[in-house]
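Here the structure comes first, spelled out in structure tokens, and everything after it is commentary.
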Amino acid sequence: MKLADLVEVDFNLLGVLSRLGIGFGFGDETVEEACARTGINTQTFLLICNVYAFDGYTPSAELLRETDLRDIVRYLHQSHAYYMDVAVKALAEALQKMLEPCEERRKSVIRSFFNQYKEELARHFEFEEKTVFPYVNAVLDRGPHADFTILQYEENHTNVEEKLSDLKRIVMKYLPPECDNRQIFDVLFYIHVLEQDLAKHTLIEDEILVPVVGRMEDNG
Amino acid sequence: MGKQILIITPSVMAARGLESVLCDAGEFEVSGILRDLSPATQTRLHKLAADAIIIDPSVFDYASRANARAYLAEYSDGAVLALLTASADEESLKQYDGVISLLDDPTAVVRKVRAALENRGDAPRTEGEELSSREKEILVCVAKGMLNKEIADRFNISIYTVITHRKNITRKTGIKTVAGLTVYALLNNLIDVGDFD
């Protein structure tokens with residue numbers, strides 16, 4: 030399959046490609062060629078694409094066995110960078126523009142709610158970057174690792190989605206009339222895109238990372 | 111049709127006695143009697159609609175007794191009363207909408223069940239999108255960071271009524287987090303930034 034056709038299947042896969050280091054100008058390159066060039070396991074690449082493109086997709090046990098966890102971790106890591114540096118930033122700018130006509134009191138209320146969300150998201154990612162991913166790598170290398178199990182991670186997996194969903198409701202339903210419709214639309218659009226992407230991101234963590242690492246733990 | 115009451119107790123005598131007291135009162139019907147909370151009876155629990163559940167706390171093992179009310183909330187929105195057949199600690203009895211003792215006379219039993227149902231009716235599943243004035247009051251407390259227990263004490267209602275109000279508030283506004291509800295309250299002038307220290 031050609032990369033260009035893949036993106037036709039689901040436009041959101043463009044984001045996946047860029048996070049895996051497959052930039053534009055891929056011409057007629059096929060999936061296999063692109064994976065070989067960027068050094069990513071083709072099965073794993075397709076696994077990630079499937080989770081993104083098809084709602085309710087559950088990978089088979091066999092596919093999970095063939096999955097390269099290092100690629101998954103690399104993907105999750107790149108996603109974190111994308112969320113914080115691109116998606117959340119774009120949302121913050123749109124929010125700022127939208128709130129301009131509001132009185133200061135309201136502005137600061139919404140802004141501080143958004144900042145709380147941003148901090149929570151950052152803390153969540155930091156925990157994964159500093160604790161979970163190094164642990165996964167250590168398990169893969171069969172090296173010494175911290176006293177931690179992937180199950181704890183599942184418990185710690187705080188629900189960062191709720192605040193974003195609240196922000197969406199507030200912006201959609203309860204903004205003062207002085208806000209411009211066009212700007213509200215922009216904000217909602219950015220929230221929607223981020224929300225969808227984070228949902229898939231969580232799926233990759235819960236449906237792929239956690240079960241695969243859990244199995245490795247069981248097998249010692 | 112009378113109010114539907116579900117009885118859960120291992121004691122047949124207690125169950126039959128309670129059933130006859132409730133039926134004699136004329137305003138209640140016993141919709142079912144369960145002996146325990148085994149998986150099989152749990153399925154029945156799902157199907158039995160009850161306005162109130164009267165449960166013997168001893169059907170829960172010691173560890174889960176403190177969370178009995180929350181457990182039952184999964185099955186029913188109704189009032190829950192404890193039926194004391196053995197001694198129980200005061201603290202865990204606070205979770206119930208009423209406590210019936212084996213030594214209570216029939217009028218006391220009926221009065222307690224009635225009170226529990228009325229208390230419960232305080233937080234109906236209201237339709238419509240507008241928050242009721244009670245919901246607004248509770249929202250303000252939530253936004254100010256008060257705990258359910260504190261809110262219950264302030265308005266003299268049960269903690270479960272507070273939870274039902276909070277569910278209604280979230281259903282109507284679509285907002286789940288306390289921080290989000292605070293933003294809602296501020297934007298709608300229900301509270302002032304000055305209310306925060």
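The listed protein sequences correspond, in order, to chains V and P. Just add 29 to the spot in the first sequence (first one is 1) and you have the working numbering. Just add 110 to the spot in the second sequence (first one is 1) and you have the working numbering. The beta-carbon is built from N, C-alpha and C at its ideal position, and this holds for glycine as well.
One alpha carbon belongs to D235/V, the other to I285/P, and they sit about 25 Å apart.
Assignment of A189/P by DSSP, reduced to helix, strand and coil, places it in the strand class. By the neighbour-count definition (other C-beta atoms within 10 Å, threshold 16), Q225/V is an exposed residue.
Distance from the Cα of V272/P is smallest, within the candidate group D134/P, S168/P and D207/P, for D207/P.
Counting along the chain, E122/V sits inside the alpha helix (DSSP H) bounded by residues V117 to L128. CA-CA distance, M113/V to A178/P, rounds to 43 Å. If you draw a 10 Å sphere on the C-beta of P206/V, you find fewer than 16 other C-beta atoms in it, and that means exposed.
What L297/P touches in chain V, judged by beta-carbon distance under 9 Å, is R135, V138, I139, I199, Y203, L204 and P205, going in chain order.
Counting along the chain, V140/P sits inside the beta strand (DSSP E) bounded by residues F138 to L144.
Boundaries of the beta strand (DSSP E) harbouring L116/P: K113 to I118, taken from the DSSP string. For A253/P, the closest of D302/P, S268/P, I118/P and V209/P by C-alpha to C-alpha distance is D302/P. Those residues of the segment 282-293 of chain P placed with their C-beta closer than 9 Å to a C-beta in chain V are T283, G284, I285, K286, T287, A289, G290, L291, T292 and V293, ordered along the chain. Proximity of V303/P to chain V, defined by a Cβ-Cβ separation below 8 Å, is satisfied. Cα atoms of C78/V and A90/V: separation of roughly 17 Å, rounded to the nearest angstrom. Where A176/P is concerned, there is no enclosing alpha helix (DSSP H), because DSSP gives it neither an H nor an E. In the structure shown, A162/P adopts extended strand secondary structure according to DSSP, grouped into three states.
Contact with chain P is found for S194/V, since one of that chain's Cβ atoms lies less than 8 Å from the residue's Cβ.
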